[in-house]
Every structure is written in structure tokens, then in C-alpha cells.
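Everything on this sheet refers to the single structure shown next.
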Amino acid sequence: MKRSLVIALLIVALVFVLAGIGTVLFFTFDRGGRGFVFDQSLVSATAEESKTLNVEGRVTLKVQDDAGNVSIVGGEGETVEVKIVKTSNALTQARAAEDLKNIRYQIEQDGNVVTLTYDLSRINTRDVDTVDFIITVPNEVIVDVNAGMGEVNVSGTNGNVIIFNDFGDVIVENIEGTVNVETKGGRVDASSINAGDGSIDLSSGFGKVSLEKATGKDIKLYSNSGLLEMNDVRASGDIEMSTDFGDIFFNNGSSNLLTVETKGGKVSLGQLNLRGALTVQNNFGEIELEQAKATSYDLQAGSGSVTVDGAQGKLKATSDFGSIIIKNAENVTVDLDTKSGSVDFEGSLGDGPHNIHSSFGEIHITVPADSALNVDLKTGFGSIESEIPITVTLTDTTKGSQQTGTKNTGGNQLTVETENGSISIEASK
Numbered sequence: 448m449k450r451s452l453v454i455a456l457l458i459v460a461l462v463f464v465l466a467g468i469g470t471v472l473f474f475t476f477d478r479g480g481r482g483f484v485f486d487q488s489l490v491s492a493t494a495e496e497s498k499t500l501n502v503e504g505r506v507t508l509k510v511q512d513d514a515g516n517v518s519i520v521g522g523e524g525e526t527v528e529v530k531i532v533k534t535s536n537a538l539t540q541a542r543a544a545e546d547l548k549n550i551r552y553q554i555e556q557d558g559n560v561v562t563l564t565y566d567l568s569r570i571n572t573r574d575v576d577t578v579d580f581i582i583t584v585p586n587e588v589i590v591d592v593n594a595g596m597g598e599v600n601v602s603g604t605n606g607n608v609i610i611f612n613d614f615g616d617v618i619v620e621n622i623e624g625t626v627n628v629e630t631k632g633g634r635v636d637a638s639s640i641n642a643g644d645g646s647i648d649l650s651s652g653f654g655k656v657s658l659e660k661a662t663g664k665d666i667k668l669y670s671n672s673g674l675l676e677m678n679d680v681r682a683s684g685d686i687e688m689s690t691d692f693g694d695i696f697f698n699n700g701s702s703n704l705l706t707v708e709t710k711g712g713k714v715s716l717g718q719l720n721l722r723g724a725l726t727v728q729n730n731f732g733e734i735e736l737e738q739a740k741a742t743s744y745d746l747q748a749g750s751g752s753v754t755v756d757g758a759q760g761k762l763k764a765t766s767d768f769g770s771i772i773i774k775n776a777e778n779v780t781v782d783l784d785t786k787s788g789s790v791d792f793e794g795s796l797g798d799g800p801h802n803i804h805s806s807f808g809e810i811h812i813t814v815p816a817d818s819a820l821n822v823d824l825k826t827g828f829g830s831i832e833s834e835i836p837i838t839v840t841l842t843d844t845t846k847g848s849q850q851t852g853t854k855n856t857g858g859n860q861l862t863v864e865t866e867n868g869s870i871s872i873e874a875s876k
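Here the numbering used here is used: the first residue of the sequence shown is 448, the next is one more, and so on.
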């Protein structure tokens, strides 16, 4: 009985092994009769074709290309010029040439609507046949591209642009109209975009996303894992920049609200003029602002320093592990808090109350000598020093490590506390 059971188990195991081998062979063997896909390099055969379509007025161009590059260029004239490049890949030149004859694509026209389609039939082998579409269209055109594998490039068009790409880079430039781009794997480069009252939405699953010289209403940049970069970008509405893992850079621009978020990376913002609030959240990485003007700031660093040069309005900055440095502030209302790190503030204080706190670190404050403040300075372990005289108010609860009083007859409330570190106040030179 036991011997029969062992034999039965061995037979079952053998069946599973053979099934696994069969599955591997099924997906690695080219059933077109060309052998195993991964055992040698491929050769290719290429052919070019072309077609001209007559149109009148604004064109709607739709492209679905499962494998191949798509290039769309706006130009003068009233025709749609299509150049088609077919490429077949196989183990032998003869086989590639034979397969080239079997590549099929469709070009359809319904009035001013032109549709180009290439459906990929073989998906289980690496010898993928591709079709590149190189298209010249009148400037007035609406573009809708759905690509599977390959680069998509659109330039010089006047009209809305929608692009989706599974795997490949997307490049758009010199566009007048709304732009919506998404690629699951590849970079997105956009430049010289005038969306008017429309939006600009750029997204990548894995890759860098960049936008340069652009205007629009609402602008969004997103990458699941990649760098985000904007230069010379202006929005009449709001701007959002978000990446799970990657740096974020934005230099020279304007908007209403600006929201920036990364779970890991550096955030650097400079030369911005915002008509609303600036919000930055960085779970792991530093935050740097230089001449980024906003009505209010909410800066949150989980693990990293916060540096702000040239703030105004309400300024809130927090860090779990990192220093906070504020320079050249103008009439700000501050709420600064770090759990582990020093705090350096230099500038003028506006309407209060003001709060500066560090759980573990020194606090250094530089303000104009004529600053009128009510102050409450407290340290758990460290000294308290001030170049600006403080008229101290003594109470029954006053301790040596605490000074409560007024500067220059008093004014807005300034509360400064560190649990472990010294506090110093200097007069700005």
C-alpha cells in the first residue's frame, strides 16, 4: 500500500513538471515555425509606404499604434501626409522579408476625421513587428493617440492633444491647446505649450516628467517614480506636482495655489509669484525655497531640513528630523517646529502670535532692533541670551531657564521654546 502511494505521488509530480516545461515552451517558442525566441539574435526587414488625404478645415486625427513610433507635425496646407514604416523581425532575413508582406494597418477617413490603426497580433514572442506613423497635418488639428510600445512625438499643432502610451517616451512641443499626456513607462517632455483657458496634465508611471515655457489654467505633473521639473510655467489656476519617489524642481513661475508632494526626494522651488497658498509635503528629503512668494506657507518635512529664503505672510514649517532655516523674511507670522534640529530665523515679524519650538536643538533669532514684541522664552537645558533688551516680568512661576517680558514696550506675542538647547536673539545689522 505504501509503495503504491509513493508511486502515485511520483506520477503526479512528474505530470506537474511536464506541464511546467510545456508552458515554458509554449511561450518561448515561435509558433510561426522560427524556433525558440530567446536562443539567438533577430534580423529585420523594413518597407516604407505613403498616403495623402485631402481635408478641409479643422482635422481630428486618431492614431492607435500597438507597436511603433508615432510622429505628428503641424504644417501648412490642406492635406494629411502619412508616411508608414513597417518593420518585421525574425530569426532569418528570408523569414523577416516574408513576414513584412503580412503586416497590416488601416487608414480611414470620414470627412475631416482621419483614423490610423495598427493592431499587434503576436504578443507572446519577442519578434514584434512594428509600424511607425510619420504624419504631417494642417496646424488646426485635434490629436488623440493611443500607443502600446514606442515613442510619441507631437509638435506644431493648434488644438487639444490627448496621448496615452503604455511603454515609451512622449514629447510634445509648440502646442496651442489643452494637453493631456499619460505614459505607464517612459519620460514625458513638454515645452512651449499655450493651453489658454485649458489644462495641462502630464503623468508617468515610471519616468521623469518635465514642462518648460508653458501657460494654462490648471497644471498637474505626476510620476509614480521619477523626477518632476518645471521652468518658466504660469497658471491662471492652480498647480499640483506629485511624485512617490523623486526630486521636484520648479523655477520661475506663477499660479494661484501650488501643492507639492513627494514621499522621498528633494524639493527645490525658486523665483515664484503665487497668488495663494504654497503647500509642500516631503516625507524623506529636504525642502528649499528661494524667493517663492505666497500668501501663506505650509511646509512639512518628515526627515530633512527646511530652508526658506525670502518669505512673506503666514509661514508654517515643521520637520521631524532636520533643521529649519528662515532668511530674509518680510513681516511674516511664524509657526516653526522641529523635533530634532536647530532653528534659525532672520527677518522681520508681522502680526502675531509667533511660535518657534525645537524638541532637541538650539534656536537663533535675528530681528530688527526696534521690533516691538511680547516674549516668552523657555529652555529645558541651555542658556537664554538677547542683544535686544528685554523688560522682564517676574512671577511666582518664573524659572531661571525662562524669560517673560517685552521688547521695545511690547507688541505681538513671540513664544520660543527648546527642550534641550540654547536660545539667542540678535539685532539685525
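C-beta atoms are modelled at their ideal positions from N, C-alpha and C, and glycine is treated no differently.
Here Glu-525 is exposed: its Cβ has fewer than 16 other Cβ atoms, across all protein chains shown, within 10 Å. DSSP places Glu-545 inside the alpha helix (DSSP H), whose first and last residues are 540 to 547. Within the region 742 to 788, complete beta strand (DSSP E) segments of at least 3 residues are found at 743 to 750, 753 to 756, 759 to 768 and 771 to 785, given in chain order.
In this structure, Thr-583 and Gly-632 do not form a Cβ contact; the two beta carbons are roughly 28 Å apart against a cut-off of 8 Å.
The C-alpha of Thr-742 lies about 12 Å from the C-alpha of Ser-702.
Annotation: Gly-712 to Val-814 spans about 32 Å, alpha carbon to alpha carbon. By the Cβ rule, the region 848 to 865 counts as touching the region 794 to 806, because three or more pairs are nearer than 8 Å.
Relative to the Cα of Asp-613, the nearest Cα in the group Gly-663, Asp-513 and Ser-670 belongs to Asp-513. Three or more pairs of CB atoms, one per stretch, sit closer than 8 Å, so the region 819 to 828 contacts the region 847 to 855. Take Ile-610, set aside five residues on each side of it, and the residues of its chain with a beta-carbon closer than 6 Å to its own are Val-592, Val-599, Val-617 and Val-628, in chain order. For Asp-579, same chain residues with a beta-carbon under 6 Å away, outside a window of 5 residues either side, are Gly-515, Asn-516 and Val-532 in chain order. By the CB criterion at 8 Å, Glu-737 and Ser-752 fall outside the cutoff. Gln-759 is not a Cβ neighbour of Val-727, given a cutoff of 8 Å. Judged by their CB atoms, Asp-576 and Thr-534 are nearer to each other than the 8 Å cut-off. Between Gln-718 and Asn-699, the C-beta spacing is below 8 Å.
Listed in chain order, the beta strand (DSSP E) elements of length 3 or more contained wholly in the region 661 to 717 are 666 to 672, 675 to 682, 686 to 692, 695 to 702 and 705 to 709. Per the Cβ contact rule, the region 788 to 799 is in contact with the region 764 to 779 (3 or more Cβ pairs under 8 Å). Counting only the Cα atoms, Leu-861 lies some 59 Å from Gly-597. Rounded to the nearest angstrom, the Cβ distance from Ile-666 to Ser-646 is 7 Å, consistent with a contact under 8 Å. When the beta-carbon positions are compared, Thr-690 and Leu-705 stay at least 8 Å from each other.
For Ala-637, the enclosing beta strand (DSSP E) covers residues 635 to 641. Between Leu-563 and Ile-550, the C-beta gap is not smaller than 8 Å, which leaves the two residues out of contact. Pairing Asp-636 with Ser-650 gives a Cβ-Cβ distance that is not under 8 Å. The criterion of a C-beta distance shorter than 8 Å is not satisfied by Gly-797 and Ile-771. Here Ala-819 carries a coil assignment [DSSP, helix/strand/coil]. Counting only the Cα atoms, Phe-697 lies some 16 Å from Ile-640.
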